[in-house]
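Take a look at the structure below.
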Amino acid sequence: MMIGDGMDLQLKGKKVLVTAASKGLGMACAQLYAEEGAQVWIASRNKQQLEQAKQTIIHQTGNAQVEAVMCDLTKEEEIKQLFAETGSIDILINNIGGPPAGAFDEFADQDWQQAFERLLMSVIRTVRAAAPSMKDRQFGRIVTITSSSMKQSLDGLLLSNTFRPAIVGLSKSLSQELAGDGILINSVGPGTMETDRIRDLYQPAQIQQLGENIPIGRIGQPDEFAKAVVFLGSGANTYITGQTLVVDGGSMKAL
Numbered sequence: 000m001m002i003g004d005g006m007d008l009q010l011k012g013k014k015v016l017v018t019a020a021s022k023g024l025g026m027a028c029a030q031l032y033a034e035e036g037a038q039v040w041i042a043s044r045n046k047q048q049l050e051q052a053k054q055t056i057i058h059q060t061g062n063a064q065v066e067a068v069m070c071d072l073t074k075e076e077e078i079k080q081l082f083a084e085t086g087s088i089d090i091l092i093n094n095i096g097g098p099p100a101g102a103f104d105e106f107a108d109q110d111w112q113q114a115f116e117r118l119l120m121s122v123i124r125t126v127r128a129a130a131p132s133m134k135d136r137q138f139g140r141i142v143t144i145t146s147s148s149m150k151q152s153l154d155g156l157l158l159s160n161t162f163r164p165a166i167v168g169l170s171k172s173l174s175q176e177l178a179g180d181g182i183l184i185n186s187v188g189p190g191t192m193e194t195d196r197i198r199d200l201y202q203p204a205q206i207q208q209l210g211e212n213i214p215i216g217r218i219g220q221p222d223e224f225a226k227a228v229v230f231l232g233s234g235a236n237t238y239i240t241g242q243t244l245v246v247d248g249g250s251m252k253a254l
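For the sequence shown, the positions run 0 to 254 when numbering that gives the first Met the number 0 is used.
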């Protein structure tokens, strides 16, 4: 479903990189960018799922400008190789799966270090790689897909509750530092979305029950989340930067 009807998102000819895009919300964002005519690069650790996602996006959008490259975002050298392959990009969509759940006394130093590398350092490294060429062109859009835990802590998700807000702090600081170079940076967190993971965890009746506890009356669809990400990460966004947006159907009670 295109979101550009009546609005020029200025994405034709733009090069977009979406990480963790072989399925779920990352793939939904990549597909919407492809629908809008962008040149899309998708990255993931799973070669088979990545290639399937590429072919699906091409088939469903008719946009053949979709490339796929394997990358483990916890490894600095693989991130460097990713950007060596993509070259200069206009738009970076940072997405990575969350850390394991658990309470404070269940985590050792190694767990904290892995979450740090996975959630925070991956964003630092991708922005470090993408920003120089964006500065040269005086244009860039960076959107980091986080979690609602960036605004409201979630029970049992201590690692996420710690590092997601850190990403927000980083993004806010970078938004101020890079705004003069035409680079706009925002964070978007999903509420409960009907992804493969949700369908694997819950029966249809349970998914419906989840939706009944959301003010809007249902759980969200990946393309609804993608619309927010793609707008913020487009040329149509000219004045929104340093912000945090939760797409959750009104679930969050925090201000």
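Virtual Cβ for every residue (Gly too), placed ideally from N, Cα, C.
Cut-off 8 Å between Cβ atoms - residues of its own chain near residue i, not counting five sequence neighbours on either side
i	result
Asp-89	Lys-13, Lys-14, Val-15, Met-133, Arg-136, Phe-138, Gly-139 and Arg-140
Three-state class that DSSP yields for residue i in the structure shown
i	result
Ser-159	helix
Gln-288	Shown here, the chain extends from 0 to 254; a query on residue 288 therefore has no answer.
Ala-67	strand
Lys-226	helix
Lys-252	coil
Lys-53	helix
Phe-138	coil
Identity of the residues DSSP links to residue i by a beta bridge
i	result
Asn-93	Thr-143
Met-192	Gly-219
Thr-243	Ser-186
Gly-101	Leu-156
Burial state of residue i (16 or more Cβ within 10 Å)
i	result
Gln-54	exposed
Met-192	buried
Ala-100	exposed
Ala-253	exposed
Met-0	Below a pLDDT of 50, predicted positions are generally treated as unreliable, and Met-0, at 47, falls in that range; the measurement from the model is reported next regardless. Exposed, by the Cβ-count rule.
Asn-212	exposed
Lys-150	buried
Ala-37	buried
Gln-47	exposed
Arg-198	exposed
Chain-order list of residues whose beta-carbon lies under 7 Å from that of residue i (same chain, five-residue window excluded)
i	result
Thr-143	Asn-93, Val-122, Ile-166, Ser-170 and Ser-186
Ile-184	Ile-141, Ser-170, Leu-173, Ser-174, Leu-177, Thr-240 and Gly-241
Phe-103	Leu-157
Glu-66	Trp-40
Whole-Å CB distance - residue i paired with residue j, under 8 Å assumed
i	j	result
Ser-147	Val-245	5 Å
Contact test: residue i Cβ vs the ligand HEM heavy atom, cutoff 7 Å
i	result
Phe-138	Looking for the ligand HEM in the displayed structure turns up nothing, as the structure carries no ligands at all.
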